[in-house]
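Before any comments, here is the structure.
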Amino acid sequence: MPNEVAALADEMLDIVFRAQPLDATLYGLSGYDDLLPTVSEEAEAALRARAVSVAERAAAIEDATLSDEDAVTRAVVEQQARAQVDRLDVRLVEYTIAGWFISPAAELLALLPVFPLSDADRAAAYVARLAAIPGYLAAVTERHRVGIAAGRRPVRRLVRSAITLIDRYLSGADADPLLREPIADPGLAAQRERVIADTVRPAFAAYRDALAGEIIAHGRPDERPGACWLPDGEDTYARLSTMFTTTNRTPEELHRTGLEVMAALTDEYAEIGQRVFGISDRQQIFHRMTTDPALRWTGPDELLGTAMRTVERAERAAPSWFGRLPSQPCTVEPVPAVEAPSVAAAYYRNPSLDGTRPGIYYANTDRAQQRDRFTAEVIAFHEAVPGHHFQHTIAQELAHLPMLRRVILITPYTEGWGLYTERLADEMGLYSTDLDRLGMLAMDSLRAGRLVVDTGLHAKGWTRAQAVAYLRDNTPLSDLEIGNEVDRYVGYIGQALAYMVGRLEIQRVRARAEQALGPAFDIRAFHDMVLADGSLPLTVLDDVVARWTAGRLTPA
Numbered sequence: 013m014p015n016e017v018a019a020l021a022d023e024m025l026d027i028v029f030r031a032q033p034l035d036a037t038l039y040g041l042s043g044y045d046d047l048l049p050t051v052s053e054e055a056e057a058a059l060r061a062r063a064v065s066v067a068e069r070a071a072a073i074e075d076a077t078l079s080d081e082d083a084v085t086r087a088v089v090e091q092q093a094r095a096q097v098d099r100l101d102v103r104l105v106e107y108t109i110a111g112w113f114i115s116p117a118a119e120l121l122a123l124l125p126v127f128p129l130s131d132a133d134r135a136a137a138y139v140a141r142l143a144a145i146p147g148y149l150a151a152v153t154e155r156h157r158v159g160i161a162a163g164r165r166p167v168r169r170l171v172r173s174a175i176t177l178i179d180r181y182l183s184g185a186d187a188d189p190l191l192r193e194p195i196a197d198p199g200l201a202a203q204r205e206r207v208i209a210d211t212v213r214p215a216f217a218a219y220r221d222a223l224a225g226e227i228i229a230h231g232r233p234d235e236r237p238g239a240c241w242l243p244d245g246e247d248t249y250a251r252l253s254t255m256f257t258t259t260n261r262t263p264e265e266l267h268r269t270g271l272e273v274m275a276a277l278t279d280e281y282a283e284i285g286q287r288v289f290g291i292s293d294r295q296q297i298f299h300r301m302t303t304d305p306a307l308r309w310t311g312p313d314e315l316l317g318t319a320m321r322t323v324e325r326a327e328r329a330a331p332s333w334f335g336r337l338p339s340q341p342c343t344v345e346p347v348p349a350v351e352a353p354s355v356a357a358a359y360y361r362n363p364s365l366d367g368t369r370p371g372i373y374y375a376n377t378d379r380a381q382q383r384d385r386f387t388a389e390v391i392a393f394h395e396a397v398p399g400h401h402f403q404h405t406i407a408q409e410l411a412h413l414p415m416l417r418r419v420i421l422i423t424p425y426t427e428g429w430g431l432y433t434e435r436l437a438d439e440m441g442l443y444s445t446d447l448d449r450l451g452m453l454a455m456d457s458l459r460a461g462r463l464v465v466d467t468g469l470h471a472k473g474w475t476r477a478q479a480v481a482y483l484r485d486n487t488p489l490s491d492l493e494i495g496n497e498v499d500r501y502v503g504y505i506g507q508a509l510a511y512m513v514g515r516l517e518i519q520r521v522r523a524r525a526e527q528a529l530g531p532a533f534d535i536r537a538f539h540d541m542v543l544a545d546g547s548l549p550l551t552v553l554d555d556v557v558a559r560w561t562a563g564r565l566t567p568a
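So for the sequence shown, the working numbering puts the first residue at 13; every next one is plus one.
So this is what it looks like as structure tokens:
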């Protein structure tokens, strides 16, 4: 008889990829390459019903019938099904409009250009997907109208950033990113050019005109950017914060945790700031970090070169800290020009399962002279090595697990690991200088600030100015980075909570294992174990680590 849990995992993966088929193509999984995300109310209702059914069937399986591995898979399936229901119920497509990949049009421009078109089938599916863009953007526009009629209005500033992004795209017909990947078949290549010229670019123009001529007038101002200003905003934030933390911690608890972590960083700033600048007052250290021109890049080449060297250095050191390593190194590239002005300092894109695209660390070289050099190393450790590149690539190579567990991203585990590796890099001796270690503290401040600001915006009704002021007072980031960060929290409701919640949990279970095992604790084995099950809800990670620890305490 087929494994019931594995079958449910496959069904859940299909639901996820029917909702977000671009992700399937990103992983190199066939069957979805001609599809665009599900946005109509009818299609979303059908997906929701499927997710509810999967959650109910997973919950009904008797615990006693499950192996440890199947119990973990069942927990992942159930969490993913309930998260999918929450995502659909809060109707994100109606009011999530922005100039970066969380938004419908921006997602197309960010992801479609990176898909390899290495054979005729993929190329044909790509052209079919392009041909579907006009209908997709028309359906998205209609959902925006439905949202506005119900009071679920977008944020005006972020709508403006979406318009700016589309304007940049439309102004670059000669270097259209949707033509970036070569197509070997001349007929298909010519067909792609016609589809882009005759249907895709006009569709983006029509969507842009709808945003500028209709939608933006209904946008919420900077004084009301949070989810709490939406109808049912408290429920929306509760669902999304649960999805992005896999806990039931209240906004007040999360807000308080952020304040506590922020306060605990003061002594570290004093110690390292004294060595670097000869000053120990936190605000004076921040002032120096944010105003000294010597702490900015001289240009894009210097920024990108440092990112490359940092990743290479981490890869050389990794075998002393990890028993299992990714099968391929991490590639470093600049953020594509069309999206660079709207995104953060860097991000990582996982490799495809079929090996046609490597894991890529994208460093943002746009306006390099305004960007902080002291955060370059810590961001590379988080996004690339030993952070997301190790995490995602190793997960994809766990061939014995259901595909759901190899590719799905549960945010507090994923981002918690990335943040954990920032501090791990210090243990590994990877930071070049104390200035770079100040960058590590700056990122800690930012992630603690995310707990404070995200809950402030979405639960406490903070204005954008309040959020900016809090980060300016409590982090040594430039105004450019602070503005980008706050706009990200506004648009990506609840996601910012995942980082520190996940990091603190990984540190907690590691400390518990170290205490229990004493001299028998092996850091390489611990890291291998944490990465050996794919992405996990935090409660499940706790169980996995406890079981691993108990097994090492039991005499052979």
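In this text, a Cβ means the ideal position worked out from N, Cα and C, and glycines have one as well. All values derive from a computational prediction rather than experimental measurement.
So, I178 versus Y219, is the Cβ gap smaller than 8 Å? yes
In whole angstroms, what separates the C-alpha of S130 from that of D366? 11 Å
Where does T258 fall in DSSP's three states? coil
Tell me the rounded alpha-carbon separation between L182 and R213. A direct Cα-to-Cα measurement between L182 and R213 gives close to 7 Å.
Taking the C-alpha atoms as reference points, what is the distance between D247 and G238? 13 Å
When you compare only the Cα positions, how much space is there between E68 and M320? 47 Å
Once you ignore the five residues that flank A224 on each side, which residues in its own chain have a CB closer than 6 Å to its CB? I175
Segments assigned alpha helix (DSSP H), at least 4 residues, entirely inside the region 52–76: Listed in chain order, the complete alpha helix (DSSP H) runs (minimum 4 residues) inside the region 52–76 are 53–72.
Going by beta carbon distance, what residues of the same chain come within less than 7 Å of L124, once the five residues before and after it are set aside? L190
If you count every other CB in all the chains shown that lies within 10 Å of the CB of P116, and 16 or more means buried, which is it? buried
Contacting residues, own chain, Cβ-Cβ under 6 Å from P263 (five flanking each side not counted): T467 and A471
Need the endpoints of the beta strand (DSSP E) that V344 sits in, please. T343 to P346
Would you kindly work out how many angstroms separate the C-alpha atoms of G111 and V84, rounded to a whole number? 37 Å
Span of the beta strand (DSSP E) around A358: A358 to R361
Let's see if you can read the secondary structure: which residues bound the beta strand (DSSP E) around A375? DSSP places A375 in the uninterrupted beta strand (DSSP E) bounded by I372 to A375.
Does the region 525–532 come close enough to the region 486–495 to have 3 or more Cβ pairs within less than 8 Å? Touching, no, given that fewer than three Cβ pairs across the two stretches are closer than 8 Å.
Which one or two residues does DSSP pair with V167 in a beta bridge? According to DSSP, V167 shares a beta bridge with R232.
Under three-state DSSP, which class holds M13? The predicted position of M13 is uncertain, since its pLDDT is 32 and thus under 50; a value taken from the coordinates is nonetheless stated next. Looking at M13 - three-state DSSP - the assignment turns out to be coil, as it is neither helix nor strand.
Could you tell me the distance, in whole angstroms, from the CA atom of E119 to the CA atom of F216? Whole-angstrom Cα-Cα distance: 12 Å.
DSSP-derived helix/strand/coil call for D384: strand
Would you decide whether L565 is buried or exposed? Buried here means 16 or more other CB atoms lie within 10 Å of its CB. exposed
What number of angstroms, rounded off, separates the C-alpha of E56 from the C-alpha of H156? Approximately 15 Å, taken between the alpha carbons.
Check whether the region 301–312 touches the region 367–385, taking contact to mean three or more Cβ pairs, one atom from each stretch, closer than 8 Å. yes
Would you check if there are 3 or more beta carbon pairs closer than 8 Å linking the region 505–513 to the region 242–257? yes
Beta-carbon contacts of A352 that lie in its chain and below 8 Å, excluding the five residues immediately before and after: P346, N376, T377 and D378
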